[in-house]
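To start, the structure under review is shown below, and the notes come after it.
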Amino acid sequence: MRDPQKNRKRQIIAMIVVVFLIFVARLFYLQIVNTDFGRAADNNSLRNVVQHPARGLIFDRNGVLIVHNVAVYDLMVVPGQVRAMDTLKFCNLIGITIEDFRRNLQRARRHSRFVPSLFEPQLSAETFGKLQEHLFRFPGFYAVPRTVRGYPIPAAAHVLGYIGEVDNRIIENDPYYRMGDYIGKSGLELFYERYLRGERGNRIFLVDVHNRVQGSFRDGAHDVPSVPGLSLQTTLDIEVQKFAEQLMQNKRGAIVAIEPATGEVLVFVSSPAYDPNLLVGRPRSVNFRRLQNDPQRPLFNRALQAEYPPGSHFKIPIGLIAMQQGVINENTSFPCDQSQVGCRPHRTVHNMRDAQAVSCNPYFVAAFRRTIQQGEHRNPFIDSRIGLERWNEYIRSFGFGEHLRIDLPGGRRGLIPTVALYDRMHGENRWAFSTFRSVSIGQGEVGITPLQMANLAAITANRGWFITPHLVRTISDTIIPDRDFITRRYTMVDPEHFDAINWGMYDAVHAAGGTAWRARISGISVVGKTGTVQNPHGENHATFIAFAPFDEPKIAVAVFVENAGFGGAWAAPIASLVIEKYLTREIRRPHELRRVMDANFMTTAAH
Amino acid sequence: MREERGFLRNVDGWLIFIYLMLVFIGWINIYATVFDGNHGSIFDLSRRYGMQLLFIVTAIMIAFVILLLDMRLFMNMAHVFYGMTLILLIAVLLVGTRVAGQQAWIQFAGFSFQPAEFAKFATCLFLAKYLSTSGVDLKNASAKLASMLIIFLPIGLILLQPDAGSALVFLAFVMVLYREGLPAWYIWTGFVAVTVFILDLILPLWVVAIILALVTGVLIYLNKKTLRNIASAVLLFSAAVGFAYISNYAFDQLAPHQQDRINVLIGKEVDMQGIGYNVNQSKIAIGSGGLFGRGFLEGTQTRFNFVPEQVTDFIFCTIGEEWGFLGSTVVLALFLALILRIIFLAERQRGPFVRIYGYGVAAVFFFHVFVNIGMTIGLVPIIGIPLPFISYGGSSLWAFTILLFVFIKQDASRLAF
Numbered sequence: 001m002r003d004p005q006k007n008r009k010r011q012i013i014a015m016i017v018v019v020f021l022i023f024v025a026r027l028f029y030l031q032i033v034n035t036d037f038g039r040a041a042d043n044n045s046l047r048n049v050v051q052h053p054a055r056g057l058i059f060d061r062n063g064v065l066i067v068h069n070v071a072v073y074d075l076m077v078v079p080g081q082v083r084a085m086d087t088l089k090f091c092n093l094i095g096i097t098i099e100d101f102r103r104n105l106q107r108a109r110r111h112s113r114f115v116p117s118l119f120e121p122q123l124s125a126e127t128f129g130k131l132q133e134h135l136f137r138f139p140g141f142y143a144v145p146r147t148v149r150g151y152p153i154p155a156a157a158h159v160l161g162y163i164g165e166v167d168n169r170i171i172e173n174d175p176y177y178r179m180g181d182y183i184g185k186s187g188l189e190l191f192y193e194r195y196l197r198g199e200r201g202n203r204i205f206l207v208d209v210h211n212r213v214q215g216s217f218r219d220g221a222h223d224v225p226s227v228p229g230l231s232l233q234t235t236l237d238i239e240v241q242k243f244a245e246q247l248m249q250n251k252r253g254a255i256v257a258i259e260p261a262t263g264e265v266l267v268f269v270s271s272p273a274y275d276p277n278l279l280v281g282r283p284r285s286v287n288f289r290r291l292q293n294d295p296q297r298p299l300f301n302r303a304l305q306a307e308y309p310p311g312s313h314f315k316i317p318i319g320l321i322a323m324q325q326g327v328i329n330e331n332t333s334f335p336c337d338q339s340q341v342g343c344r345p346h347r348t349v350h351n352m353r354d355a356q357a358v359s360c361n362p363y364f365v366a367a368f369r370r371t372i373q374q375g376e377h378r379n380p381f382i383d384s385r386i387g388l389e390r391w392n393e394y395i396r397s398f399g400f401g402e403h404l405r406i407d408l409p410g411g412r413r414g415l416i417p418t419v420a421l422y423d424r425m426h427g428e429n430r431w432a433f434s435t436f437r438s439v440s441i442g443q444g445e446v447g448i449t450p451l452q453m454a455n456l457a458a459i460t461a462n463r464g465w466f467i468t469p470h471l472v473r474t475i476s477d478t479i480i481p482d483r484d485f486i487t488r489r490y491t492m493v494d495p496e497h498f499d500a501i502n503w504g505m506y507d508a509v510h511a512a513g514g515t516a517w518r519a520r521i522s523g524i525s526v527v528g529k530t531g532t533v534q535n536p537h538g539e540n541h542a543t544f545i546a547f548a549p550f551d552e553p554k555i556a557v558a559v560f561v562e563n564a565g566f567g568g569a570w571a572a573p574i575a576s577l578v579i580e581k582y583l584t585r586e587i588r589r590p591h592e593l594r595r596v597m598d599a600n601f602m603t604t605a606a607h
Numbered sequence: 001m002r003e004e005r006g007f008l009r010n011v012d013g014w015l016i017f018i019y020l021m022l023v024f025i026g027w028i029n030i031y032a033t034v035f036d037g038n039h040g041s042i043f044d045l046s047r048r049y050g051m052q053l054l055f056i057v058t059a060i061m062i063a064f065v066i067l068l069l070d071m072r073l074f075m076n077m078a079h080v081f082y083g084m085t086l087i088l089l090i091a092v093l094l095v096g097t098r099v100a101g102q103q104a105w106i107q108f109a110g111f112s113f114q115p116a117e118f119a120k121f122a123t124c125l126f127l128a129k130y131l132s133t134s135g136v137d138l139k140n141a142s143a144k145l146a147s148m149l150i151i152f153l154p155i156g157l158i159l160l161q162p163d164a165g166s167a168l169v170f171l172a173f174v175m176v177l178y179r180e181g182l183p184a185w186y187i188w189t190g191f192v193a194v195t196v197f198i199l200d201l202i203l204p205l206w207v208v209a210i211i212l213a214l215v216t217g218v219l220i221y222l223n224k225k226t227l228r229n230i231a232s233a234v235l236l237f238s239a240a241v242g243f244a245y246i247s248n249y250a251f252d253q254l255a256p257h258q259q260d261r262i263n264v265l266i267g268k269e270v271d272m273q274g275i276g277y278n279v280n281q282s283k284i285a286i287g288s289g290g291l292f293g294r295g296f297l298e299g300t301q302t303r304f305n306f307v308p309e310q311v312t313d314f315i316f317c318t319i320g321e322e323w324g325f326l327g328s329t330v331v332l333a334l335f336l337a338l339i340l341r342i343i344f345l346a347e348r349q350r351g352p353f354v355r356i357y358g359y360g361v362a363a364v365f366f367f368h369v370f371v372n373i374g375m376t377i378g379l380v381p382i383i384g385i386p387l388p389f390i391s392y393g394g395s396s397l398w399a400f401t402i403l404l405f406v407f408i409k410q411d412a413s414r415l416a417f
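Heads up: the sequence lines are chains S and X, in that order.
Following this note's numbering, the numbering of the first sequence begins with 1 at its first residue and continues without gaps.
Following this note's numbering, the numbering of the second sequence begins with 1 at its first residue and continues without gaps.
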């Protein structure tokens with residue numbers, strides 16, 4: 001053989017074959033053994049875009065739209081696809097700083113490199129429009145359309161509540177929710193979340209490396225369309241609601257109005273109120289913090305959660321229960337003996353009607369004493385105990401001491417004195433009627449929410465029954481949310497006992513020298529009762545409950561104005577203006593209206 | 001006995017078949033990569049598959065012309081081709097067009113081509129001619145020096161463009177030299193140098209020195225009977241440590257993106273947005289192919305441009321994604337068959353010229369396949385050189401066609417020789 005290097009041929013061939021075998025092995029590993037790459041490829045090229053459902057709309061009782069949806073765009077990022085880009089231009093387009101950009105991207109990266117994260121929420125349609133034409137320059141970023149709430153009539157913020165992004169606690173507890181979903185956080189938005197939220201959908205797009213959508217994946221075979229939320233038909237009269245909120249400007253307190261025959265809440269005002277549009281969109285967190293830090297506590301729903309002493313209104317159930325138990329009748333009279341409790345000067349009281357009309361304090365102390373101390377035991381302590389126990393059953397039938405199951409979250413029960421309470425305060429058998437006689441005039445250990453006060457007005461209007469007050473009449477025009485909303489609840493007081501009370505309240509408005517003369521409306525028989533709640537911390541609170549018209553009540557209303565002084569001076573005219581607005585749709589007392597609007601009781605801090 | 005039929009007589013059918021297969025596979029995958037459903041005609045010259053079709057047609061015409069020529073022309077004119085190539089490589093530095101930081105293209109009569117692609121052919125031819133000259137023996141220092149000069153002249157010129165990828169290809173000719181008698185010692189030195197270089201990047205210098213000392217110790221122990229070996233071992237140890245130190249220094253002199261490429265390859269750095277992006281995306285594309293692939297035109301990674309340079313350097317990603325493990329293996333098998341067939345044919349030649357030239361052709365193809373596919377599957381650093389016959393591009397297709405068909409023609413002529 002001429003060629004001495006023949007064996008080198010074999011070495012070279014062996015080397016080449018080994019390299020090819022290594023390549024085949026490597027391909028086997030990449031393509032068959034390791035499945036991560038296939039999954040990464042889907043993330044690379046398929047984009048799952050959540051189709052956020054439009055939340056259900058909310059209407060008022062007359063079909064007026066009060067909550068609708070506004071399109072915004074959530075800017076999403078897939079950190080693994082972000083390439084070098086003109087960051088400054090990007091930041092300018094969406095109005096954030098470079099530091100925001102870095103922080104947002106860092107946060108998204110920590111979440112996942114391949115799963116999309118929310119980069120910047122809720123760009124307005126206008127901002128998104130500017131960004132859209134440049135979006136191809138920013139690979140890894142894309143926008144998801146979604147909706148936020150809009151309020152064409154900026155009223156009823158406390159009732160409607162607000163929505164916000166779900167937090168980790170919610171995601172852990174409810175398998176429906178995913179990061180980035182919105183959920184009702186308060187008010188009707190929270191209470192009816194299940195109906196309002198709709199069903200989340202998903203669309204799968206093919207995208208290229210430049211972030212351009214190339215079309216639907218398999219022509220949308222795997223897409224799930226979103227289902228819009230159901231709409232709510234509320235019982236609110238948004239026009240009157242807005243009017244009532246204006247009446248309460250520069251005042252702390254609450255107005256609740258109910259249609260007595262149905263339990264439908266017509267007006268539900270907590271003051272100071274706020275514009276619900278403040279808690280929408282990107283400025284939300286700033287505004288929320290400001291509202292939270294406001295010393296007047298605008299986020300606090302006074303109508304639902306404030307437990308005020310009821311003052312003279314409590315004389316209504318005190319008198320009713322006394323008559324029902326037979327310890328007095330409507331013709332019983334008591335002298336105005338001011339040795340134990342004060343009273344304003346008034347004409348002589350001959351019967352229950354008079355007593356209600358002039359709100360005679362000693363009369364109701366005496367009536368309550370008879371109710372509590374019926375002489376069933378020699379020991380006055382035990383006698384009071386038995387009396388209070390029995391009275392508790394009666395008073396609770398009015399919906400006091402329970403949160404009435406209104407369709408709003410966070411309702412309060414209020415406070416009704418019980419045997420257990422006084423045992424705890426004073427010790428067993430160490431208290432008697434004299435310990436809590438101020439309860440008879442609505443002071444002491446009594447707390448009633450404005451909602452419960454309005455419900456009391458509805459009970460008097462209905463002469464002994466009520467329907468659980470509620471804010472939603474139907475869902476999507478058909479579903480009645482709760483059987484309780486159409487079921488009468490009877491108090492333990494028979495209808496005939498209401499005559500004296502209601503006529504007394506009629507007199508309070510219409511008789512000469514009545515405490516509530518400012519509640520008169522020409523042509524409408526308003527029935528009402530003033531209250532002035534003693535306030536050891538400052539000016540007394542003014543309250544008023546009323547219903548109208550007398551014969552066929554259409555509206556029952558309770559008004560509570562903190563630190564406004566005498567109930568007849570401020571609470572009564574406010575209530576009557578609400579009634580007038582609701583029944584006649586106009587105000588024919590411009591002078592009274594101006595007087596109320598101009599009044600300001602917010603100079604002091606809340607107590 | 002082969003049928004004697006005009007200019008096609010004695011032409012090796014296997015090589016022609018493999019060639020046509022690879023060119024066809026290349027075109028199919030370029031089509032799949034660029035396909036967007038909007039452009040109907042496959043002859044659309046505004047699309048890359050249209051252009052590639054044009055390149056393929058002209059390449060086949062070139063192949064015919066080569067088969068018609070007298071093969072003695074190539075042997076006799078080898079030094080002329082080599083000289084012309086060197087002139088072109090110098091010319092490109094003076095009048096070339098700058099594309100992506102490289103001065104590698106010459107515009108001529110509306111065409112542009114890369115002299116470096118043709119330099120592979122000319123160098124291969126000239127090397128074969130020199131080594132086959134009677135009296136030249138690679139055991140002599142002068143022959144070694146001359147061979148190295150033939151290889152390193154074009155390397156130097158191409159590095160000036162600078163196009164390190166194309167320059168590296170010429171190192172493949174070391175395989176030819178090895179076949180023709182270059183002492184194994186050179187190969188081992190190169191192997192140790194690369195090993196030390198890589199260790200050097202992963203580990204601190206003093207650790208490398210300890211490892212080298214241990215290896216040297218073992219060598220001395222194994223050869224303790226002869227003092228001469230101990231001396232040479234110590235000498236080698238010093239040289240290796242010195243090399244480690246120098247390579248450390250040299251690495252620092254590399255451009256940052258080249259450092260990154262090496263670092264990513266040896267797993268020292270994982271930067272998925274920077275240099276690692278290419279490799280990662282490439283692996284994702286290939287890996288997503290699975291056993292059978294996603295199917296023709298169904299690839300999501302390559303079609304939507306997640307893989308960079310996908311019709312040129314990363315065309316293998318499309319094959320991997322759309323044709324899966326089976327398709328990739330078929331392509332690898334075709335290349336292996338091509339290279340082994342060339343070696344087989346080279347070995348059966350009577351004269352050394354065609355054998356050496358054949359080895360050169362096989363070496364160039366092997367190096368290209370090794371580096372190109374190796375980088376797409378993450379085994380070799382990213383070096384931008386095309387996959388023969390498959391990657392998009394006229395210059396490379398023509399150059400590979402010339403390289404192959406000159407060998408085919410010579411092989412066909414061996415009986416007449």
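Note that beta-carbon positions come from the ideal geometry of N, C-alpha and C, so glycine has one too.
Everything numeric in this text was worked out from a predicted model, so none of it was measured.
Taking DSSP's pairing of strands, which residues face Trp105/X in a bridge? Position 105 of the second sequence, counted from the start, is the residue given in the question as residue 105/X. According to DSSP, Trp105/X bridges with Thr97/X.
Could you name the residues of chain X that Leu30/S contacts, counting a contact when the two beta carbons are closer than 7 Å? Here residue 30/S is taken as the residue at index 30 of the first sequence, counted from 1. Within chain X, the residues near Leu30/S are Lys283, Ile286, Gly287 and Ile377.
Just the Cα atoms here: how many angstroms apart are Phe23/S and Val331/X? Here the question's residue 23/S lines up with position 23 in the first sequence. Here the question's residue 331/X lines up with position 331 in the second sequence. Distance between the alpha carbons of Phe23/S and Val331/X: 11 Å.
Going by beta carbon distance, what residues of the same chain come within less than 8 Å of Ser525/S, once the five residues before and after it are set aside? Working through the first sequence from its first residue, we reach residue 525/S at position 525. Tyr506, His510, Ala548, Pro549, Phe550 and Asp551, listed in sequence order.
Once you ignore the five residues that flank Leu57/S on each side, which residues in its own chain have a CB closer than 7 Å to its CB? Looking up residue 57/S in the first sequence gives position 57. Taken in chain order, the residues that qualify are Leu65, Val67, His68 and Ser231.
C-beta atoms of Gln410/X and Met61/X nearer than 7 Å: The residue given as residue 410/X occupies position 410 in the second sequence. The residue given as residue 61/X occupies position 61 in the second sequence. No, these two residues do not count as a Cβ contact at 7 Å.
For Val24/S, return the contacting residues in chain X, with the cut-off set at a CB-CB distance below 7 Å. Stepping through the first sequence from its first residue, residue 24/S is reached at position 24. Ordered by position in chain X, the residues that pass the 7 Å Cβ test against Val24/S are Thr329 and Leu332.
Do Gly229/S and Gly198/S have their beta-carbon atoms positioned less than 7 Å apart in this structure? Residue 198/S sits at position 198 when you count from the first residue of the first sequence. Residue 229/S sits at position 229 when you count from the first residue of the first sequence. Their beta carbons are under 7 Å apart, which means Gly198/S touches Gly229/S by this criterion.
Can you round the beta-carbon distance between Tyr142/S and Leu135/S to whole angstroms, since I take them to be within the 8 Å contact cut? Here the question's residue 142/S lines up with position 142 in the first sequence. Here the question's residue 135/S lines up with position 135 in the first sequence. Confirmed, Cβ separation roughly 7 Å.
Of all the CB atoms in chain S, is at least one closer than 7 Å to the CB of Glu322/X? For the purposes of this step, residue 322/X is taken as residue 322 along the second sequence, with counting starting at 1. Answer no: the Cβ-Cβ gap between Glu322/X and chain S never drops below 7 Å.
With DSSP as the reference, please indicate the residues paired to Ala257/S in a beta bridge. In the first sequence, counting from the first residue as 1, residue 257/S sits at position 257. Per DSSP, Val267/S and Val557/S.
Between Ala508/S and Gly161/S, what straight-line distance do the alpha-carbon atoms span, to the nearest angstrom? One-based indexing of the first sequence puts residue 508/S at position 508. One-based indexing of the first sequence puts residue 161/S at position 161. Approximately 37 Å between the Cα atoms of the pair.
May I ask you to list, following chain order, the residues of the segment 54-72 of chain S that have a beta carbon less than 9 Å from some beta carbon of chain X? none
Which whole-angstrom value is the C-beta distance of Leu196/S and Gly184/S, which I expect to be below 8 Å? One-based indexing of the first sequence puts residue 196/S at position 196. One-based indexing of the first sequence puts residue 184/S at position 184. The Cβ separation is near 7 Å, so the contact holds.
Chain S contact for Leu326/X (CB, 7 Å cutoff): Working through the second sequence from its first residue, we reach residue 326/X at position 326. No, because no Cβ of chain S sits closer than 7 Å to the Cβ of Leu326/X.
What residues in the segment 164-184 of chain X have a beta carbon less than 8 Å from any beta carbon of chain S? Met175, Tyr178, Arg179, Glu180 and Gly181
From the DSSP output, in three-state form, read off Asp74/S for me. Numbered from its first residue, the first sequence carries residue 74/S at position 74. Correct three-state label for Asp74/S: strand.
From this set, Phe197/X, Leu86/X, Leu73/X and Phe118/X, which residue's C-alpha is nearest Ser247/X's C-alpha? Residue 247/X sits at position 247 when you count from the first residue of the second sequence. Nearest of Phe197/X, Leu86/X, Leu73/X and Phe118/X to Ser247/X, Cα basis: Phe197/X.
Phe30/S and Ile385/X look like a contact to me (Cβ under 8 Å); what is the Cβ gap, rounded to whole Å? Position 30 of the first sequence holds residue 30/S. Position 385 of the second sequence holds residue 385/X. Reading the sequence as shown, one finds Leu at residue 30/S and not Phe. 21 Å between Cβ atoms; not a contact.
Local conformation of Val9/S per DSSP, three classes: As a first step, residue 9/S must be located in the first sequence, where it is residue number 9. Before going on, a small fix: residue 9/S reads as Lys here, not Val. In this structure, Lys9/S counts as helix in the three-state DSSP scheme.
Using a Cβ-Cβ distance cut-off of 7 Å, determine whether Ile406/S contacts chain X. On the first sequence, residue 406/S is found 406 positions in, with the first residue counted as 1. Not an interface residue.
Contact criterion: CB-CB distance below 7 Å. Does Ile16/S meet it with respect to chain X? By 1-based counting over the first sequence, the position of residue 16/S is 16. Interface residue, yes.
Looking at the structure shown, is Thr515/S part of a helix, part of a strand, or coil, going by DSSP? Along the first sequence, one-based indexing puts residue 515/S at 515. Reduced to three states, the DSSP call for Thr515/S is coil.
Select from Ala155/S, His158/S and Val148/S the residue whose C-alpha is nearest the C-alpha of Glu165/S. Against the first sequence, residue 165/S aligns to sequence position 165. Nearest C-alpha to Glu165/S: Val148/S.
Is the shortest distance between the beta-carbon of Gln8/S and the beta-carbons of chain X less than 7 Å? Sequence index remark: in the first sequence, residue 8/S carries index 8 (1-based). A small correction: the amino acid at residue 8/S is Arg; Gln does not occupy that position in the sequence shown. So, interface residue.
For chain S, find out if any of its Cβ atoms is closer than 7 Å to the Cβ of Ile339/X; answer yes or no. Your numbering for residue 339/X matches position 339 in the second sequence. Closer than 7 Å to some Cβ of chain S, the Cβ of Ile339/X qualifies, so yes.
If the cut-off is 8 Å on Cβ atoms, which residues from the segment 259-291 of chain S count as contacting chain X, listed in chain order? none
Return the chain-ordered list of same chain residues with a C-beta closer than 7 Å to the C-beta of Ile66/X, the five sequence neighbours on each side being excluded. What you label residue 66/X is simply residue 66 of the second sequence in a count that begins at 1. Correct list, in chain order: Ile402, Phe405, Val406 and Lys409.
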